[in-house]
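Trainee: Each residue of the sequence shown is one higher than the one before, counting from 0 in numbering that gives the first Met the number 0. A virtual CB, placed ideally from N, CA and C, is assigned to each residue, including glycine.
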Amino acid sequence: MLRKDFVEEVEFEQVLPEGQISVTGTEKAWSRWVQYLRLLQESIWPGGLLPECPRPARTQAQKAAAEKQALQSLMGVLPDIVVGILGVNKCRLSWSLVLESLQQPLINRHLIYCLWDIILEFLDLSASAEESAVTSSAADTPGSPKKMGISP
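If you want it as structure tokens, here you go:
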């Protein structure tokens, strides 16, 4: 179902016989976001309900196996040419450092805050031209945190 204020941005591909509309572009992007949010919701609240008891804590063997699997997956992401230039050991060490860094709760919390800040700034569609003019003039001041790439 298309929102009335959203119809102007949609590129129509074809009208199907049953009166359904097949769309491309923006509508498909929104559809993907909805799918991702539903997947996130289902993973946090399976069946729409909070679990009555928490999952049992993972054993050290399970944690080690998950870390090994994650490292193998990350090594597969790198192109062969990068692995050839840097060497397998340096790539494995780098990914191990990344995985070890992600085990720090303080770093994770800061990372999540930064990601949410970026996502919310990206999704802020309600800002008027006047608000963006004020923001851009504030960002042009010397020593501004925005100009230096630091979120306030």
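Between which two residues does the alpha helix (DSSP H) holding glutamate 193 run?
Mentor: Absent from the model: residue 193. The displayed extent of the chain is 0 to 151, so no value can be given.
Trainee: Would you mind sorting glutamate 41 into buried or exposed? The rule is 16 or more other CB atoms within 10 Å of its CB.
Mentor: As a position in the sequence shown, residue 41 is number 42, starting the count at 1. Exposed is the call here.
Trainee: Might you give, ordered along the chain, the residues of its own chain that have their beta carbon closer than 8 Å to the beta carbon of alanine 65, omitting 5 neighbours on each side?
Mentor: Position 66 of the sequence shown holds residue 65. Around alanine 65: Arg57.
Trainee: Can you look up serine 127 in the DSSP assignment and give me helix, strand or coil?
Mentor: Locating residue 127 in the sequence shown gives position 128, where the first residue counts as 1. Reliability of the predicted coordinates at serine 127 is poor, the pLDDT of 46 falling under 50, and no value is obtained from them.
Trainee: Which parts of the stretch 17-69 are runs of the beta strand (DSSP E), unbroken and 3 residues or longer, counting only runs that do not cross its ends?
Mentor: Correct list: 20-23.
Trainee: Indicate the three-state DSSP secondary structure (helix, strand or coil) for glutamine 103 in the structure shown.
Mentor: Working through the sequence shown from its first residue, we reach residue 103 at position 104. In the structure shown, glutamine 103 sits in coil (DSSP, three-state: anything other than H, G, I, E or B).
Trainee: Helix, strand or coil for leucine 77 per DSSP?
Mentor: Position 78 of the sequence shown, counted from the start, is the residue given in the question as residue 77. Leucine 77 falls in the coil class under three-state DSSP.
Trainee: State buried or exposed for glutamate 51, treating a residue as buried only when at least 16 other CB atoms are found within 10 Å of its CB.
Mentor: Along the sequence shown, one-based indexing puts residue 51 at 52. Classification for glutamate 51: exposed.
Trainee: Using the Cβ count rule (16 or more neighbours within 10 Å means buried), how would you classify glutamate 26?
Mentor: Position 27 of the sequence shown, counted from the start, is the residue given in the question as residue 26. The residue in question, glutamate 26, is buried, as its Cβ has 16 or more Cβ neighbours within 10 Å.
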